[in-house]
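Have a look at the structure below, then the notes.
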Amino acid sequence: MFLDPKELRGSGRFLDVGLYPAAITEVGGTRWGYIDRSGKFFIPPIFDMVEEFQENGLAIVTKDGFSGIIDVTGAYIVEPKYYNISAYSEGRAVVWETGRSKMIDEKGKVLFQTEGSIGAMRENRAWFNQNIDDVSWLGGYVDREGKVIVPPQYSSTGDFKCGKAVVERKDSQGYAIINLDGKILNTFNYAFVGDLGNGLLPFKESMEGKFGFIDEKGKVIIPPQFEGAQPFENCRAVVVNYKDYWPYYGLIDTRGKQVIPLRYNEVKFIGEGRVAVCIPISKKNSFAGSRCAIADLNGKLVTDFLYTYVTTYNRGYLSVSDGVTTFFIDKYGRKAIELPMVEGEGTFSFINSLIKVNIDNRIAYLDLTGTVIWKQSKDVVLNHQYVVRSIKYKPRRDYIVYYPQIEGMKDYEIQRKVNKRLKEMSLSKGIDGEDFEYAYDSDFTVTFFKKDLVVIEISGYLYPYGAAHGMPSRIYAHVDLKTGRFYQLEDLFKKDSDYVKVLSDIIRQQIIQQGEDSSVWLDEYKGIRPDQPFFVTEDALNIYFLPYEIAPYAAGFPTFTIPFKEIMSLIDTKGAFWQSFH
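The sequence shown begins at 0 in numbering that gives the first Met the number 0 and counts up one residue at a time.
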């Protein structure tokens, strides 16, 4: 039995234009475009990134680091010139450029702008904030034509819902509910008041106090007793309390009764009158992810704690994964045998008449029968002889590596040794450590290829469970496709050249020239090492440093580009490294 595609179309927020984001991988990285229902490219893959077409037939794309908007023919409605663009809401989108955000219509016309931020259009109102006196930021509201309906006067502003919005009054005057015209309907003299839902609002009497709920008149309905609370929806609210610094979530009704006890490490609404309730996947490490069950709004479990991935219901189905396979279930927890099931851990989502599959960091599109329409490949064809294959290695659910393997080298034994080393470079040390200690992801990009030299960037991210953040890694392999040699920095220079000092001085000067814009700690910079991490491009040598080495974590891998023409006197132009790409 198979579903009629007509039954599943038209219930999302995307127009069925029959175009779907897809990518090709080539030297230099991944390029995105749009395929049709046959899996063939209709809009060529020329973009850095693309988003799905929205219900107005427009899509956000990124090219050369800037965002724009195209129509279904691939023509630009908005040229790529903005740092970011939000999805359209009620026919309006927000774009960001240096020091300014703007609200535009579906033709790209600017209707309103401010040096602050602009929210999404909700019920013909969008909040914005504006700098008043170089110190204070106050918020107000505009309509979809860009007309200011409520002048900037509030410390914070929320979205409108059912004709009402919650705002924070300036100068510590508390909070208020306003209508679409900005008229104050009621005020609340509390330290915090959250968004309205089912006639109730979360509140705190003091910033150090706990959360309870009040009604629209300010009457306390549920006394403060929670350390966290979300707005009500479907007459239920997610609340949380802490024990030994660990959060325990539950669900309450509008009287404050716990319909789901506060004992789960996650509770979230997933649609269709259902919630996901989750417990730690490991008793040894609560940070190592969750295993979830599906429950109704009265707390009755529809399924057992089976799922490591849970999305939200769409078209009556929920995408789930049990850690081994990914599939759909219905609102009763029954597996949808009429829809596809795929090996691997990830998510499904309906996109018009197809199903988008995101499994182990790769995407594909299936029709409703499970036939593959298109599948992402990160194999890179260098020329008629050489190919760099992408091979998956997944010894456990939280350890996913795609490592490069070169095909086409004339000497098979050399090729075998090269590929063995490439795999080793891709894997994290400590792989034999106990499960649930950390997660690790790794992938690669072919950044450069010329003549006999291929340069492969191997990037990884190691996250120890419970840490504030993980640690990224980056290694470049410079492989000679004829000899199998892995070139090092010293191989680029003449034997008697003092390349370490010369390059160190050039980089120091670049740091100084960056001035106040530099994120590098100049005092920490001691020059480069003989084996300093590097990569080459057509015309330049690039030297980079690891996070924390000479700059804060947020600076990533500080990289300094040195054109070859500036250091030609040092380069061994007759050496194997230089000759491999000249």
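A virtual CB, placed ideally from N, CA and C, is assigned to each residue, including glycine. These figures come from a predicted structure and were not determined experimentally.
message = Per DSSP, what are the beta-bridge partners of LYS101 in this structure?
response = Per DSSP, the beta bridge partners of LYS101 are VAL94, GLN112.
task = State the Cα-Cα distance for the pair GLY332 and GLY315, rounded to the nearest angstrom.
result = 11 Å
inquiry  = Going residue by residue through the region 492–542, where are the continuous beta strand (DSSP E) segments of at least 3 residues, counting only ones entirely within it?
reply    = 533–535
ask   = Going by DSSP, which residues form a beta bridge with MET48?
value = DSSP output for MET48 lists THR61 as bridge partner(s).
inquiry  = In whole angstroms, give me the CA-to-CA distance for GLU423 and THR482.
reply    = Going by C-alpha positions, GLU423 is about 19 Å away from THR482.
request  = Pull up the distance between the alpha-carbon of ILE131 and that of GLY157, whole angstroms please.
outcome  = Distance between the alpha carbons of ILE131 and GLY157: 19 Å.
request  = Give the C-beta separation of VAL109 and ILE103 to the nearest angstrom, bearing in mind that I take them to be a contact with Cβ-Cβ under 8 Å.
outcome  = 6 Å
SER376 to SER289 span [Cα, whole Å] = 30 Å
request  = Find out if the Cβ-Cβ distance for the pair THR572, ASN541 is shorter than 9 Å.
outcome  = no
query = Using DSSP with H/G/I as helix, E/B as strand and the rest coil, what is MET470?
reply = strand
request  = Figure out for me which residue from GLN531, LYS242, ILE84, ILE23 has the closest Cα to the Cα of LEU545.
outcome  = The residue with the shortest Cα to Cα distance from LEU545 is GLN531.
request  = Please classify GLU423: does DSSP put it in a helix, a strand, or coil?
outcome  = DSSP, read as helix, strand or coil, puts GLU423 in helix.
task = State buried or exposed for TRP31, treating a residue as buried only when at least 16 other CB atoms are found within 10 Å of its CB.
result = Taking a 10 Å sphere around the C-beta of TRP31, we find 16 or more other C-beta atoms and assign the residue as buried.
Residue environment, LYS101, which counts as buried when at least 16 other CB atoms sit within 10 Å = buried
LYS490 - DSSP class collapsed to helix/strand/coil = Note on residue identity: the sequence assigns Asp, not Lys, to residue 490. Of the three classes helix, strand and coil, the one that applies to ASP490 here is helix, per DSSP.
query = For ILE167, does the three-state DSSP call read helix, strand or coil?
reply = Checking the sequence, you will find Glu at residue 167 rather than Ile. Strand, per DSSP.
ask   = Pick from LEU261, VAL478, ALA294: whose alpha carbon is nearest that of GLY270?
value = Checking every option, the nearest Cα to that of GLY270 belongs to ALA294.
message = For the alpha helix (DSSP H) containing GLN152, name the first residue and the last one.
response = Note, GLN152: premise wrong, no alpha helix (DSSP H); beta strand (DSSP E) at 147–156.
task = Count the other C-beta atoms from every protein chain shown that fall within 10 angstroms of the C-beta of MET120, then say buried if there are 16 or more, exposed otherwise.
result = buried
key: Residue ranges of each beta strand (DSSP E) within the region 167–222, 3 or longer   = 174–178, 183–187, 199–203, 210–214
task = Using three-state DSSP, classify GLU78 as helix, strand or coil.
result = strand
query = Where does SER376 fall in DSSP's three states?
reply = coil
ask   = Taking C-beta to C-beta, are ILE84 and LYS106 nearer than 9 Å?
value = no
message = Taking the straight line between their C-alpha atoms, what separation do you get for TYR33 and ILE372?
response = 13 Å
Proximity to ASN351 [Cα-Cα], best of PHE485, LEU488, GLN53 = Cα-wise, what sits closest to ASN351 is GLN53.
query = How big is the Cα-Cα spacing for ASN55 and GLY90?
reply = For the pair ASN55 and GLY90, the Cα-to-Cα distance works out to about 8 Å.
ask   = What do you reckon, are the CB atoms on ARG396 and GLY322 nearer than 9 Å?
value = yes
Residues bridged to PHE447 (per DSSP) = VAL454
task = Rank THR253, ARG388, VAL519 by C-alpha distance to the C-alpha of GLN414 and give the top, closest one.
result = ARG388
Alpha-carbon to alpha-carbon, PHE448 and TRP577 = 13 Å
ask   = Closest by CA to ILE280, which one among ASP194, TYR153, ILE59, GLU265?
value = GLU265
request  = Kindly indicate which three-state DSSP category ALA335 falls into: helix, strand or coil?
outcome  = Looking at ALA335 - three-state DSSP - the assignment turns out to be coil, as it is neither helix nor strand.
query = What is the C-beta distance between PHE349 and ALA335, in whole angstroms, given that I count them as a contact (C-beta under 8 Å)?
reply = Incorrect: roughly 12 Å between the Cβ atoms, too far for contact.
task = Just the C-alpha distance for TYR543 and GLU515, rounded to the nearest angstrom, thanks.
result = 20 Å
Contact between the region 157–166 and the region 141–148 (3+ Cβ pairs under 8 Å) = no
inquiry  = Rounded to whole angstroms, what is the Cα-Cα separation between ALA363 and GLU204?
reply    = 50 Å
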